[in-house]
Amino acid sequence: MRINVQIHPMNYNRLIFFFYLLVPFCIVGQNSVIASQVESWVNQTPVSSDYNLNSSYIFLLNPSLLAPMFEGEDLNKGERRDVGIKKGDYPQYMYLAASIKDPVNPTNFLTIPLMIHDTRNPNISSRLLEYGGRVLENIPDDVLNKGDITAKIKFEAIKSNEARDFWQKTAEISADLGKTATSLLKVGLSGPFLALTNQIMPQVDKGLRSMEKLDDPHKMVSEFYIKLLSKDLGNLYDEKVVGATLYRIHWDVDVPLKSKYFTQFQGGKVEDFKSKVPKTTAPYILIVQTKSEYNTDYSDLAFNKAYFDKKTREFKLIQNETKKEVESEFLEVFSAALDLRRQIELFQSSLQTKYTDWIAFARLIDSYRNIGILKGNSLKNLSTKDVKLREKYGKLYTNVQTEVDLWFNAEMLLKFREIGRFLIVNETDSLLSNKTAEQLYKDIELLAFYRDRLSQSEIQGRFPKEIESLASFQKVNDLRKLIEKLFFQKEFFSKINVSGKEQENAFLEKATSQFSLCESCKSLALERLAASEKSTFSRLNEQFKALSKGLYHTLSCLDATVNFLNQYIENGRVTHQVPELVIDNLSRDKEELTNLITQYQALISKDPQTMALDDLQKILTDFENRKNKTVLIWERLKSSVLPTDLNGCSSGLF
Numbered sequence: 023m024r025i026n027v028q029i030h031p032m033n034y035n036r037l038i039f040f041f042y043l044l045v046p047f048c049i050v051g052q053n054s055v056i057a058s059q060v061e062s063w064v065n066q067t068p069v070s071s072d073y074n075l076n077s078s079y080i081f082l083l084n085p086s087l088l089a090p091m092f093e094g095e096d097l098n099k100g101e102r103r104d105v106g107i108k109k110g111d112y113p114q115y116m117y118l119a120a121s122i123k124d125p126v127n128p129t130n131f132l133t134i135p136l137m138i139h140d141t142r143n144p145n146i147s148s149r150l151l152e153y154g155g156r157v158l159e160n161i162p163d164d165v166l167n168k169g170d171i172t173a174k175i176k177f178e179a180i181k182s183n184e185a186r187d188f189w190q191k192t193a194e195i196s197a198d199l200g201k202t203a204t205s206l207l208k209v210g211l212s213g214p215f216l217a218l219t220n221q222i223m224p225q226v227d228k229g230l231r232s233m234e235k236l237d238d239p240h241k242m243v244s245e246f247y248i249k250l251l252s253k254d255l256g257n258l259y260d261e262k263v264v265g266a267t268l269y270r271i272h273w274d275v276d277v278p279l280k281s282k283y284f285t286q287f288q289g290g291k292v293e294d295f296k297s298k299v300p301k302t303t304a305p306y307i308l309i310v311q312t313k314s315e316y317n318t319d320y321s322d323l324a325f326n327k328a329y330f331d332k333k334t335r336e337f338k339l340i341q342n343e344t345k346k347e348v349e350s351e352f353l354e355v356f357s358a359a360l361d362l363r364r365q366i367e368l369f370q371s372s373l374q375t376k377y378t379d380w381i382a383f384a385r386l387i388d389s390y391r392n393i394g395i396l397k398g399n400s401l402k403n404l405s406t407k408d409v410k411l412r413e414k415y416g417k418l419y420t421n422v423q424t425e426v427d428l429w430f431n432a433e434m435l436l437k438f439r440e441i442g443r444f445l446i447v448n449e450t451d452s453l454l455s456n457k458t459a460e461q462l463y464k465d466i467e468l469l470a471f472y473r474d475r476l477s478q479s480e481i482q483g484r485f486p487k488e489i490e491s492l493a494s495f496q497k498v499n500d501l502r503k504l505i506e507k508l509f510f511q512k513e514f515f516s517k518i519n520v521s522g523k524e525q526e527n528a529f530l531e532k533a534t535s536q537f538s539l540c541e542s543c544k545s546l547a548l549e550r551l552a553a554s555e556k557s558t559f560s561r562l563n564e565q566f567k568a569l570s571k572g573l574y575h576t577l578s579c580l581d582a583t584v585n586f587l588n589q590y591i592e593n594g595r596v597t598h599q600v601p602e603l604v605i606d607n608l609s610r611d612k613e614e615l616t617n618l619i620t621q622y623q624a625l626i627s628k629d630p631q632t633m634a635l636d637d638l639q640k641i642l643t644d645f646e647n648r649k650n651k652t653v654l655i656w657e658r659l660k661s662s663v664l665p666t667d668l669n670g671c672s673s674g675l676f
């Protein structure tokens, strides 16, 4: 007889179980064994939408009570007669299996044996253990939204005085197991069942071996129990029970009372529900449904593309936006690490050839820098997240960095890593200004090493576009210019105290002989000297303009002085009132002043913009000398013969 019981344990999941209780105990009886729902439990605490993965567990509880039930232990004489049980009857065989349809590929059905039990030998039947396991694992909400996923649970019990019925049944089971094994080997599993393959195959194989041994009663292996996907998933999923349903297996002549095992139960782990059902009452089937949030696990971290692709696929399972953001940033770092490894392998393999792959060299440094920058940004963002995420991903980033650093296991590679670390540390230039000249020159040496290696890839003075387009290449160029400028300021200006031509010679000598790796030091010296000359010329030009403007007054005073001396000398000679010696001295002063007037007139007629700096400096120096000479003569005349109210000299000479 066959009784169908359709069960909806939870409205969340729409996972449906069909129970087929096949009990060929009686041929003409109208009664049968059925499974009735006696209790259900629903989690009253709403589950976050982040928990979008659905799983279902099925447990056969108290299986040792199945045999007494089929023997009619709890039935009176009339009920035993109604159901067709005679004295001494017992089930020789019990079988439990699940038939599940793949929601991605509806044509793919799997018959998964859950229990095979031969009770003909009481010694063996006493070893009956309870079954329990996950039959549907982490099926996303979006799959369930497309329709029901049906699992057909079939339980069979058979009693017969003829052994051929038993062997016929075992042959049928063996055929089912063989078909399932063939299906797994040929097409495997898809979609939500992909993870089942590796775990179902050993159990199916075990079932086949068990059935093969049944032909020898002395070597009978009469039972095996399957816990589908029994691997602990605690690191991968945060799982919450959302519902449970309890069914009692019984004869239909009996009406079981509703149980209250889960009353006021707060729920917890799946196993907690099993422990609530007493072990001495009756056989039950317990269905537990859960929802899970995917929790990334990197305990098996492997640096290869297959592993990265796997984690990229699993990324789609994450629902929480914060966790998705953190995981996305980590995957970006992980991808950069894979690229780095690829470039290291390309470079090292090229060393065995005629042509070294310097593009791979440039790219591996670029990848190392990229890892550092991405990691730094991710850790900064991570600092605002909850402590569990910080601890988990903080350790992951440390593990990735440790692994990456181990790849630089040769002397040349260590130098490359040093360049990468330098670029990461100096992503901003805030630290460079605090360095000494000696430290800065060491940085110049490191960047010169990088440039020297890349120069071997130059074609007609140009680097390949693959190198020039790298962010790290541009960064090296920018940093080198900045570092050389800082070095020049600290090394040259603080230690060379001469000026003019002497400074120019000292700067150029130092740049070419002592610090040849500083490419811009020579040009910086020349630029500095040119700037100094320009500044000096501008300053002298302003001085020249100022003195030229003042010379008009001076020339007016000097002209008046010379005219006065002419008259004074002439009158002195006519009147003989001035001694001849004084007249001779005054005549010489007059001639000196006349010459100075001519020189001053020539000076103010010059254009300083057309002069060389040296010529302008000489003119101004000569002017100071003439000025001093002019003042000396004029002061002497002023104290002896010049009147205080001489026209044009009321405000002095200069």
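Each residue of the sequence shown is one higher than the one before, counting from 23 in my numbering.
No residue lacks a Cβ here, since even glycine has one placed at the ideal position from N, Cα and C.
Given the structure is predicted, the values throughout are model-derived calculations rather than measurements.
- In the DSSP assignment, TYR590 falls within the unbroken alpha helix (DSSP H) covering 543-597.
- Look at PHE81 here: in three-state DSSP terms it is strand.
- Annotated three-state conformation of SER609 is helix, per DSSP.
- For VAL600, there is no enclosing alpha helix (DSSP H), as DSSP marks it with neither H nor E.
- Residue pairing by DSSP places PRO162 opposite LEU75 in a beta bridge.
- By the neighbour-count criterion, in which 16 or more other beta carbons inside 10 Å mark a residue as buried, ALA568 falls on the exposed side.
- For THR344, the enclosing alpha helix (DSSP H) stretches over residues 343-372.
- As DSSP reads the structure, LYS262 sits in a beta bridge with LYS313.
- Straight through space, the alpha carbons of THR558 and SER578 are spaced by roughly 31 angstroms.
- Contact between the stretch 435-442 and the stretch 386-400 is present, with at least three C-beta pairs closer than 8 angstroms.
- PRO85 and TYR306 have their C-alpha atoms spaced approximately 8 angstroms apart.
- For the set ILE309, THR643, LEU587, the Cα lying nearest the Cα of PHE566 is the one of THR643.
- By the Cβ-count criterion, ALA266 is buried, with 16 or more other Cβ atoms from all chains shown falling within 10 Å of its own Cβ.
- In the DSSP assignment, TRP63 is bridged to ALA266.
- Take the alpha-carbon of LYS628 and the one of TYR622: they are about 10 angstroms apart.
- DSSP, read as helix, strand or coil, puts VAL299 in coil.
- For SER58, DSSP records a beta bridge to ARG270.
- No Cβ-Cβ contact shorter than 8 angstroms links PHE514 with LYS497.
- The three-state reading of DSSP puts LEU675 in coil, since its state is none of H, G, I, E or B.
- At a Cβ-Cβ threshold of 8 angstroms, VAL292 and LEU268 do not count as neighbours.
- Looking at the DSSP output, ARG484 shares a beta bridge with ILE481.
- Spatial neighbours of ALA624 in its own chain (CB-CB distance under 7 angstroms, excluding positions within 5 residues in sequence) are not present.
- The alpha-carbon of ARG270 is positioned some 51 angstroms away from that of PHE325.
- Closest by C-alpha distance to GLN311, out of THR583, LEU362, ASN74, is ASN74.
- Annotated three-state conformation of TYR415 is helix, per DSSP.
- In the structure shown, LEU401 adopts helical secondary structure according to DSSP, grouped into three states.
- For the set SER297, VAL277, ASP276, ASP274, the Cα lying nearest the Cα of PHE284 is the one of SER297.
- Annotated three-state conformation of TYR622 is helix, per DSSP.
- Around the beta carbon of ASN403, a 10 Å sphere encloses fewer than 16 other beta carbons of the protein chains shown; the residue is thus reported as exposed.
- Here ILE307 is bridged, per DSSP, to LEU82, TYR269.
- In this structure, the CA atom of PRO486 is about 20 angstroms from the CA atom of GLU367.
- By a beta-carbon distance limit of 8 angstroms, LYS333 contacts LEU353. Their separation comes to about 6 angstroms.
- Secondary structure note for TRP656: its alpha helix (DSSP H) is the uninterrupted segment 635-662.
- The Cβ neighbour count for ARG502, taken over all protein chains shown within 10 Å, is at least 16; the residue is labelled buried.
- Look at ALA470 here: in three-state DSSP terms it is helix.
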